[in-house]
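Protein chains in written order, with this note's numbering: chain G, 515 to 760; chain P, 515 to 760.
Even glycine gets a Cβ: it sits at the ideal position worked out from N, Cα and C.
Heads up, the thing below is written out as structure tokens.
2 protein chains.
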Amino acid sequence: MWKLNELCNLFKDALNRNESIIMGCRCKINYSGRAESFLDIGDRMILVKSDNTLLVHQPQGNNPINYMKPGTTHNLIYDEKKLFLKSNNISLKESMNIEIDRVYFFNTHKLEDGQNITICGTEADMSKMIYDDPSLVEEGLKPVSQEEQTIYGFIDVLCTDKNGILTIIECKRYNADLAAVTQLRRYVEKVKASKGITQVRGILAAPKITPNAKQMLEDWGFIFSAVKPPKQYENFDKKQKTLEGF
Amino acid sequence: MWKLNELCNLFKDALNRNESIIMGCRCKINYSGRAESFLDIGDRMILVKSDNTLLVHQPQGNNPINYMKPGTTHNLIYDEKKLFLKSNNISLKESMNIEIDRVYFFNTHKLEDGQNITICGTEADMSKMIYDDPSLVEEGLKPVSQEEQTIYGFIDVLCTDKNGILTIIECKRYNADLAAVTQLRRYVEKVKASKGITQVRGILAAPKITPNAKQMLEDWGFIFSAVKPPKQYENFDKKQKTLEGF
DNA sequence: GGGGAGAGATGCCGC
DNA sequence: GCGGCATTTCTCCCC
């Protein structure tokens, strides 16, 4: 068991040295800022990163249950046999108060990492794939532009179809929903209005589409085209195949 | 410094006891599933929760740089003086491979927490506030329904205005954008079509609205009403006031 | 810094 | 399970 009063100095020193801090503890939490929240007593993991991000994780679930953004100031205070972690972000008008009953583990370490992640299979990759080969979406399409930031908006892929009609393709890497349809509709309307042309086609390219979205899409004279984002499951399937070989 | 080969058993035992695991290490990461990603060598914190969620956090930033969802299986393997954390989620077709060079710290502990967080200041709170007092949005509004799940969609607040015209209010707790306008527009159109009435008003209630969204809103004959979500910044302002008193 | 849109989004609720 | 939608969304890009 930790001597709680000594932790305050360890915590402060770690902050001063820009170390990352990880603490397992039993606590209750109040947050006030963009909203107000209260979390009653339970066991959690608290991370304070070298950029002063704070994360509180319960022992289940993907997301932090509470957090403070980078640039927050933190003070660990010992009072009346309890620890209080008081965090403030003046500029964001956010504050958090964690009342700590018990500390299960406590570590600090200088961690250095400037690496950026590389990801493929994103929507941008998908729109590039379609731009490079529009026949994936429809026969006879000719690419005009990709990922173009225009006054009409951010249009994924712009083509002309086999009849020379301007065609806007909106990509979704997931099951396309109502919001995807309204987004496409917005682009088509903007291009029509600003170019003063009446005929602009809209195609929604995604692996799937919800029934209601399909309905609304067709009500507006648009078309769905089933396209999967590139490289999805490629490595996994390869690996599974290898495993099956044994 | 840790004896790497011993960690594998500690790790396995912790998993078997449903303990949560936290490890600071130097590693590189490959992920394959919904997309593919690679993260070159650097210092990170790895959390494995009692529900087998895996999170990898860099020493900066809010979000995990890599993660695996609850229900993933994990194996820590020692081979050729290196550790490999191999994680697989068969049903989601996702896999991760973490190659670990060095371990800075390693802790496991049984953490128990069944608490749910209470939050106020959400959009639901905001729509309830407006339903209870529609004059916050416009004089003469009479509430009809709140948070109604209809075939047209999920309408925040439904009112009649001072002339008895059906009025749909869409709430946003943040700066309203183009998507918020298209959402409102969708509801108004659906209600018009399904009820067979030509006059349905739409009001967007939010603390702010972007210029383009305001433009589109007015183009469609809708109205913006400046409303703040309840309790936002309340505690913070109170606290600041107290501090100023000193 | 604000606007616009994606995210390996996640999580919640309702059907 | 899917659909619809909010999120203390966060993050990135571009103006």
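For residue 632 of chain G and residue 598 of chain P, I'd like the C-alpha separation in whole angstroms.
20 Å
In terms of residue numbering, what span does the alpha helix (DSSP H) encompassing residue 524 of chain P cover?
It spans 518 to 530 - the alpha helix (DSSP H) in which residue 524 of chain P sits, taken as one unbroken run.
Any idea what DSSP makes of residue 698 of chain G, helix, strand or coil?
helix
Measuring CB atoms only, is the region 652 to 665 of chain G touching the region 627 to 643 of chain G, in the sense that at least three cross pairs come out at less than 8 Å?
yes
Examine chain G for any beta-carbon lying closer than 8 Å to the beta-carbon of residue 583 of chain P, and answer yes or no.
yes
Less than 8 Å between CB atoms is the rule here; does residue 557 of chain G satisfy it with respect to chain P?
yes
Which partner residues of residue 686 of chain P appear in the DSSP bridge assignment?
In DSSP, residue 686 of chain P forms no bridge with anything.
Ends of the alpha helix (DSSP H) at residue 579 of chain P?
In the DSSP assignment, residue 579 of chain P falls outside any alpha helix (DSSP H), carrying neither H nor E.
Using DSSP's beta-bridge definition, name the partner residues of residue 663 of chain G.
G:668
Enumerate in chain order the residues of its own chain whose CB-to-CB distance from residue 545 of chain P is below 7 Å, with the five nearest sequence positions on each side excluded.
551, 580, 610
I want to see whether chain G comes within less than 8 Å of residue 760 of chain P, judged by CB atoms only; does it?
Residue placement at residue 760 of chain P is poorly supported in this model, since its pLDDT is 39, which falls under 50; the coordinates still yield a value, given next. Closer than 8 Å: no.
Per DSSP, residue 599 of chain P forms a beta bridge with which residues?
P:590, P:612
Using a Cβ-Cβ cut-off of 7 Å (strictly less than) and excluding sequence neighbours within five positions of residue 681 of chain G, which residues of its own chain qualify?
655, 673, 674, 675, 715, 717
With a Cβ-Cβ cutoff of 8 Å, do residue 601 of chain P and residue 564 of chain P count as a contact?
no
Per DSSP, which one or two residues make a beta bridge with residue 570 of chain G?
G:560, G:580
Integer Cβ distance of residue 743 of chain G from residue 687 of chain G, believed to fall under 8 Å:
Contact between residue 743 of chain G and residue 687 of chain G holds: their C-beta atoms lie close to 4 Å from each other, under 8 Å.
For residue 729 of chain P, does the count of other Cβ atoms within 10 angstroms reach 16, so buried, or fall short, so exposed?
exposed
Going along the chain, which residues of the region 634 to 660 of chain P sit with their C-beta nearer than 8 Å to a C-beta in chain G?
The region 634 to 660 of chain P vs chain G, Cβ under 8 Å: 634, 635, 636.
Taking 8 Å as the cut-off, does the region 565 to 584 of chain P touch the region 578 to 594 of chain G (at least 3 CB pairs, one atom from each stretch)?
The region 578 to 594 of chain G makes contact with the region 565 to 584 of chain P; the number of CB pairs closer than 8 Å reaches 3 or more.
Spatial neighbours of residue 665 of chain G within its chain, please: C-beta separation below 7 Å, excluding the five flanking residues on both sides.
708
Starting from residue 638 of chain P, trace the alpha helix (DSSP H) both ways and give me its first and last residue.
637 to 646
Once DSSP output is grouped into helix, strand and coil, what is the label at residue 760 of chain G?
Residue placement at residue 760 of chain G is poorly supported in this model, since its pLDDT is 39, which falls under 50; the coordinates still yield a value, given next. In the structure shown, residue 760 of chain G sits in coil (DSSP, three-state: anything other than H, G, I, E or B).
Would you report the Cα separation of residue 646 of chain G and residue 671 of chain G, rounded to the nearest angstrom?
10 Å
So what's residue 630 of chain G in DSSP terms, helix, strand or just coil?
coil
What number of angstroms, rounded off, separates the C-alpha of residue 532 of chain G from the C-alpha of residue 569 of chain G?
16 Å
Contact set between residue 623 of chain G and chain P, taken where Cβ atoms lie within less than 7 Å:
Within 7 Å Cβ-Cβ: 538, 618, 619.
Answer yes or no: do residue 547 of chain G and residue 590 of chain G have a C-beta to C-beta separation smaller than 8 Å?
no
For residue 649 of chain G, which three-state DSSP category applies?
helix
Would you please verify whether the beta carbon of residue 693 of chain G is less than 8 Å from any beta carbon of chain P?
yes
Round the Cβ separation of residue 536 of chain G and residue 621 of chain G to the nearest angstrom and send it over; I've been treating them as touching at under 8 Å.
Between the beta-carbon of residue 536 of chain G and that of residue 621 of chain G there is about 5 Å, and that keeps the pair under the 8 Å contact cut.
Is residue 677 of chain P helix, strand or coil when you go by DSSP?
Coil.
Can you pull the DSSP bridge partners for residue 622 of chain G?
Bridge partners of residue 622 of chain G: G:535.
Opposing strand residues paired with residue 540 of chain G [DSSP bridges]:
G:557, G:616
Using the Cα positions of residue 561 of chain G and residue 567 of chain G, report the straight-line distance between them to the nearest angstrom.
8 Å
Just to confirm my understanding: we take residue 615 of chain G, look at its own chain, exclude 5 residues before and 5 after, and list those with CB closer than 6 Å. What are they?
If we look at residue 615 of chain G and ignore the five residues flanking it on each side, its Cβ neighbours are 540.
Could you tell me whether the Cβ of residue 701 of chain P comes closer than 8 Å to any Cβ of chain G?
no
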